[in-house]
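Novice: Below is one structure. I have some questions about it.
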Amino acid sequence: MDEARRIGVEALKALAHPLRVRIFSELTSYGPATASSLAARLGESSGSTSYHLRQLEKHGYVREDAERGNGRDRWWERVPGPIELAEATFASDPGAREAGDLVEREFIDNENRRFADYWSSRPQLPEEWVRSTQTGSAALRLTAAELEELGQEVWAVFERWRSRPADPAAQRVDLQFRGFPIVREDGRLETKEEGSR
Numbered sequence: 001m002d003e004a005r006r007i008g009v010e011a012l013k014a015l016a017h018p019l020r021v022r023i024f025s026e027l028t029s030y031g032p033a034t035a036s037s038l039a040a041r042l043g044e045s046s047g048s049t050s051y052h053l054r055q056l057e058k059h060g061y062v063r064e065d066a067e068r069g070n071g072r073d074r075w076w077e078r079v080p081g082p083i084e085l086a087e088a089t090f091a092s093d094p095g096a097r098e099a100g101d102l103v104e105r106e107f108i109d110n111e112n113r114r115f116a117d118y119w120s121s122r123p124q125l126p127e128e129w130v131r132s133t134q135t136g137s138a139a140l141r142l143t144a145a146e147l148e149e150l151g152q153e154v155w156a157v158f159e160r161w162r163s164r165p166a167d168p169a170a171q172r173v174d175l176q177f178r179g180f181p182i183v184r185e186d187g188r189l190e191t192k193e194e195g196s197r
C-alpha cells in the first residue's frame with residue numbers, strides 16, 4: 001500500500017474550503033477534468049474553479065495533466081495516493097481542528113451525495129451493477145488499537161485492487177469505509193459494563 005502523505009497544518013487550512021474539497025473529491029471519483037467541466041458539474045463559474053484548482057496545486061493536492069491538455073484547455077488531476085489529515089487536525093496550531101472538522105465534514109457530505117446519486121439512479125442502471133452493489137454495516141467490539149489495525153487491513157485491500165490493471169469493461173466504483181465508535185445519546189462512549197464482548 002502507498003504510504004499516506006501526511007498533510008501539514010498550512011496545507012490542511014488550504015483545503016478547508018467547501019469548494020476545494022468538492023473539487024478534490026470530484027477529481028478523485030471521476031478522474032481528470034478541466035476547470036470548465038468542473039464548474040459545470042458543481043454549478044460554479046470556471047473562474048472560481050480555476051482559482052481553487054491553483055490553490056490546490058500550490059499545496060500539492062492536484063497537478064496539471066499535461067498529456068490531456070492543449071493550448072486552450074488545462075486538464076487537472078488529483079495527485080495519486082492517500083492523504084492523512086489526523087496529525088494536522090490534532091496540532092496545537094490555532095484553527096487546525098476547525099479546518100480538519102470542515103474538511104472531514106465536506107468529505108462525508110460528498111460521499112453521502114455520491115451514494116444518494118447512485119441510489120436515485122438505480123432504476124436506470126444495468127441490473128448486474130445494482131446486484132453487485134455492496135452496502136451494509138457491522139457492529140463489532142474493538143479497542144482503539146484494534147479499530148486502527150482493522151482500518152489498515154481494509155485500506156490495504158482497497159490499495160491492492162486500486163493497483164491492478166483495469167479491465168476494459170471496468171467502471172469507476174466508489175468504495176467508502178468508515179470505522180468509528182458508537183456514541184450514546186448523551187455523547188459518551190459505551191462502557192465495558194454496558195455490553196458484552
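Counting with UniProt numbering, you get residues 1 to 197 for the letters of the sequence shown.
Every residue, glycine too, gets a C-beta built ideally from N, C-alpha and C.
1. How long is the line joining the alpha carbons of Glu3 and Pro80, rounded to whole angstroms?
2. If we ignore side chains and look at the alpha-carbon of each, how far apart do Met1 and Arg160 end up?
3. Mind pulling the alpha helix (DSSP H) runs of 4 or more residues that sit fully within the region 68-102?
4. Taking 8 Å as the cut-off, does the region 82-98 touch the region 6-23 (at least 3 CB pairs, one atom from each stretch)?
5. Suppose contacts are defined by Cβ-Cβ distances below 8 Å. Is Val21 in contact with Phe107 by that definition?
6. Determine whether the beta carbon atoms of Ala35 and Leu27 lie at a separation below 8 Å.
7. Assuming Arg122 and Val130 form a contact by the criterion Cβ under 8 Å, report the distance between their Cβ atoms to the nearest whole angstrom.
8. With a threshold of 7 Å on Cβ separation, who are the neighbours of Gly100 within its own chain once the five nearest residues in sequence on each side are excluded?
9. With distances taken from CA atoms, which of Gly47, Phe177, Asp65 is nearest Phe115?
10. Smallest Cα separation from Gln134: which of Tyr118, Glu146, Glu149?
11. On a Cα-Cα basis, can you pick out the residue from Val62, Leu175, Pro181, Glu190 that is closest to Ala144?
12. So Val62 packs on Trp75, CB below 8 Å; how close in whole Å?
13. With a threshold of 8 Å on Cβ separation, who are the neighbours of Leu42 within its own chain once the five nearest residues in sequence on each side are excluded?
14. So if DSSP puts Ala33 in a beta bridge, which residue, or which two residues, is it bridged to?
15. Are there 16 or more other CB atoms within 10 angstroms of the CB of Arg78, so buried, or fewer, so exposed?
16. Taking the CB atoms as reference points, tell me whether His52 and His17 lie closer together than 8 Å.
17. Check each candidate in Gln124, Gly136, Ala91, Asn110 and name the one with the smallest Cα separation from Ala29.
Specialist: Based on what the coordinates show:
1. 11 Å
2. Residue placement at Met1 is flagged as unreliable, the pLDDT there being 49, under the threshold of 50; the coordinate-derived value follows with that caveat. Rounded to the nearest angstrom, the two C-alpha atoms are 7 Å apart.
3. 86-89
4. yes
5. yes
6. no
7. 5 Å
8. Leu12, Leu85, Ala88, Thr89
9. Phe177
10. Tyr118
11. Pro181
12. With 8 Å as the limit, Val62 and Trp75 do not qualify as a contact, their Cβ atoms being about 10 Å apart.
13. Leu19, Arg22, Ile23, Glu26, Thr49
14. Trp76
15. buried
16. yes
17. The sequence given here places Ser at residue 29; Ala does not occur at that position. Of the candidates Gln124, Gly136, Ala91, Asn110, the one whose C-alpha sits nearest the C-alpha of Ser29 is Asn110.
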